[in-house]
Amino acid sequence: MTMLKLPGLIDPHVHLRDPGAIHKEDWHSGTCAALAGGFTVVLDMPNNTPPIVDAETLAAKQRAARAKAVCDYGIHFGAGADNAEIAASLAPQCSGLKMYLDQTFGPLRLDDLQSLVAHMQHFPQDVPILCHAEGRTIAAAIFVAELADRSVHICHVSRKDEIELIRAAKEKGIRVTCEVTPHHLFLTRDDCGDTNHRGIGAGKCEVRPMLASRADVEALRANLDIVDCFATDHAPHTLAEKESATAPPGYPGLETALSLYLELVREGILTLDDVIARCYENPRKIFNVPAQDETWIEVDVDAEWIARGAKMHTRAKWTPFEGRAMCGQVTRVVLRGQTVFENDCVLAKPASGKNIRPISQGEKK
Ligand code: NCD
Ligand code: ZN
Numbered sequence: 000m001t002m003l004k005l006p007g008l009i010d011p012h013v014h015l016r017d018p019g020a021i022h023k024e025d026w027h028s029g030t031c032a033a034l035a036g037g038f039t040v041v042l043d044m045p046n047n048t049p050p051i052v053d054a055e056t057l058a059a060k061q062r063a064a065r066a067k068a069v070c071d072y073g074i075h076f077g078a079g080a081d082n083a084e085i086a087a088s089l090a091p092q093c094s095g096l097k098m099y100l101d102q103t104f105g106p107l108r109l110d111d112l113q114s115l116v117a118h119m120q121h122f123p124q125d126v127p128i129l130c131h132a133e134g135r136t137i138a139a140a141i142f143v144a145e146l147a148d149r150s151v152h153i154c155h156v157s158r159k160d161e162i163e164l165i166r167a168a169k170e171k172g173i174r175v176t177c178e179v180t181p182h183h184l185f186l187t188r189d190d191c192g193d194t195n196h197r198g199i200g201a202g203k204c205e206v207r208p209m210l211a212s213r214a215d216v217e218a219l220r221a222n223l224d225i226v227d228c229f230a231t232d233h234a235p236h237t238l239a240e241k242e243s244a245t246a247p248p249g250y251p252g253l254e255t256a257l258s259l260y261l262e263l264v265r266e267g268i269l270t271l272d273d274v275i276a277r278c279y280e281n282p283r284k285i286f287n288v289p290a291q292d293e294t295w296i297e298v299d300v301d302a303e304w305i306a307r308g309a310k311m312h313t314r315a316k317w318t319p320f321e322g323r324a325m326c327g328q329v330t331r332v333v334l335r336g337q338t339v340f341e342n343d344c345v346l347a348k349p350a351s352g353k354n355i356r357p358i359s360q361g362e363k364k
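Residues in the sequence shown are numbered from 0 upward in steps of one, following numbering that gives the first Met the number 0.
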């Protein structure tokens, strides 16, 4: 048994659904899944019902998180068509500003150039802007950020032409960072299945960005040197929702991510230090995550297990990796000197997780 001691991992992109859709996940179940996966900080997305686009909705999310979280967290604010000034004023309480520039789950889609420009110009330089942008929209996001003389973070890059564009921008010295998800590194659209019901299944397979081709997966893997962060895009929906005729897009990912990242090490594509850079050092720098004292995770790198959604801590209770042989398991998580997860049990009490942008920086009581 080889035991590794790693820093508590940071996931810059999760959807914990609280408030608004706690049948899919809430701050307790979602942060339990985070600890089980080795994450001690998660940054939560704003596409709730209602979306997090003003002081009131932000305060409601802060209250829910404070009451239930078992790991630390940050809250990303949502860019709307006419809230650029509000977003800028609330930036000190947020881990980032999320702009949805392409089609996805929820009502936060920004269609016009004017609001993209307004947010890029108004939002403080020291808090990151994250864009859901696909294909040529990535070019728009990078260019408008450059004109506004600020950096931009591109979420869940999934295709060859996208990663090559980001490489070219970086080589020009343009301030762009990016993340890749485990599912876009390990699954292709061929894994969705066929009419004989082999594979993940059509509804369950729905995700944004959609799974891509083998060539796209290979291009992501060939360009990992310019991928700043790994992010799960943990987007839980229930099994019934995913098996319905109108399946919403999204996969749960917190509890399978680390084993898959370690698989890249076993495949010889990355070193362990490369994984730590993408799951800890770079997200810490990009999102200004404060240090967590006396915090680490212990991982049995040889532990073999089979991915089973039904056994997971997430309320989604399914995984696109169902039945897959995994290697590497989190055996213990220590947060601020306390053992908060051990033997597949969460020991931390609700409300023990802390907001990385705490009250002293503006959060309302
Ligand atoms: C996300 C969700 O369900 O909130 N779904 C997804 O397919 N990734 C939305 C998003 O991340 O864009
Ligand atoms: Zn997402």
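Ideal placement from N, C-alpha and C gives every residue a C-beta, glycine not left out.
Does ligand 2 have a heavy atom nearer than 6 Å to the CB of D232? Checking the Cβ of D232 against ligand 2 gives yes.
Hey, could you find the ends of the alpha helix (DSSP H) I9 is sitting in? Run containing I9: none in the alpha helix (DSSP H); it sits in the beta strand (DSSP E), L8 to V13.
Quick check: the stretch 290-302 against the stretch 233-246, are at least 3 beta-carbon pairs closer than 8 Å? A contact is defined here as three or more CB-CB pairs under 8 Å, and the stretch 233-246 fails this definition with respect to the stretch 290-302.
Could you tell me whether the Cβ atoms of E133 and C154 are closer together than 7 Å? No; because the gap between Cβ atoms is not below 7 Å, this pair is not in contact.
Can you tell me where the beta strand (DSSP E) holding K4 begins and where it ends? Looking at the DSSP string, the run of the beta strand (DSSP E) that includes K4 is M2 to L5.
Residues near G105 by beta carbon distance below 7 Å, same chain, minus five either side: Cβ within range, chain order: N46 and P50.
In terms of residue numbering, what span does the alpha helix (DSSP H) encompassing A214 cover? Segment R213 to A221, the alpha helix (DSSP H) holding A214.
Go ahead and pull the three-state DSSP assignment for M209. Of the three classes helix, strand and coil, the one that applies to M209 here is coil, per DSSP.
Distance check for I355 and H152, CA to CA, integer angstroms please. One C-alpha to the other measures close to 19 Å.
When you measure from the CB of V206 to every non-hydrogen atom of ligand 1, does any distance come out below 6 Å? The beta carbon of V206 sits closer than 6 Å to at least one heavy atom of ligand 1.
Taking the alpha helix (DSSP H) that R62 falls in, what are its first and last residues? Unbroken alpha helix (DSSP H) run through R62: A54 to K67.
In angstroms, rounded to a whole number, what distance separates the CA positions of Y260 and D189? About 21 Å.
Give the secondary structure of V264 by DSSP, where H, G and I count as helix, E and B as strand, and everything else as coil. Residue state, collapsed to three classes: helix.
Under three-state DSSP, which class holds T313? In the displayed model, T313 falls within coil according to three-state DSSP, outside both helix and strand.
Rounded straight-line distance, which links the Cα of P6 to that of L269: About 17 Å.
Using 7 Å as the threshold, is the C-beta distance between W26 and A54 below it? A54 sits away from W26, with the two beta carbons spaced by 7 Å or more.
Does the Cβ of M209 lie closer than 6 Å to at least one heavy atom of ligand 3? With respect to ligand 3, the structure shown offers nothing to examine, as its ligands consist of ligand 1 and ligand 2.
Cβ-heavy atom distance, M325 to ligand 2, below 6 Å: Incorrect: M325 has no Cβ contact closer than 6 Å to ligand 2.
Count the other CB atoms within 10 Å of the CB of K203; is the residue buried (16 or more) or exposed (fewer)? Answer is buried; the Cβ neighbour count reaches 16.
Helix, strand or coil at H75 according to DSSP, with G and I counted as helix: H75 falls in the strand class under three-state DSSP.
When DSSP builds the beta bridges, which residues end up paired with L186? Assignment of beta-bridge partners to L186 by DSSP yields no partner.
So, helix, strand or coil for F122, using DSSP? Under the three-state reduction of DSSP, F122 is assigned to coil, being neither helix nor strand.
Measuring CB atoms only, is the stretch 13-21 touching the stretch 31-45, in the sense that at least three cross pairs come out at less than 8 Å? Result yes; three or more Cβ-Cβ pairs closer than 8 Å.
Cα-Cα separation, F286 to R265: Each residue's Cα considered, the two are about 29 Å apart.
Is T48 buried or exposed, if buried means 16 or more other CB atoms sit within 10 Å of its CB? Around the beta carbon of T48, fewer than 16 other beta carbons sit within 10 angstroms, so the residue counts as exposed.
Under 7 Å, do C228 and P11 count as touching if we go by C-beta distance? Closer than 7 Å, so yes.
Pairwise C-alpha distance: K97 and V156: The straight-line gap from Cα to Cα measures roughly 15 Å.
Rounded to whole angstroms, what is the Cα-Cα separation between D160 and P208? Taking the Cα positions, D160 is about 14 Å away from P208.
If you run the structure through DSSP and keep just helix, strand and coil, what is G352? Assigned with DSSP and collapsed to three states, G352 falls in coil, not helix or strand.
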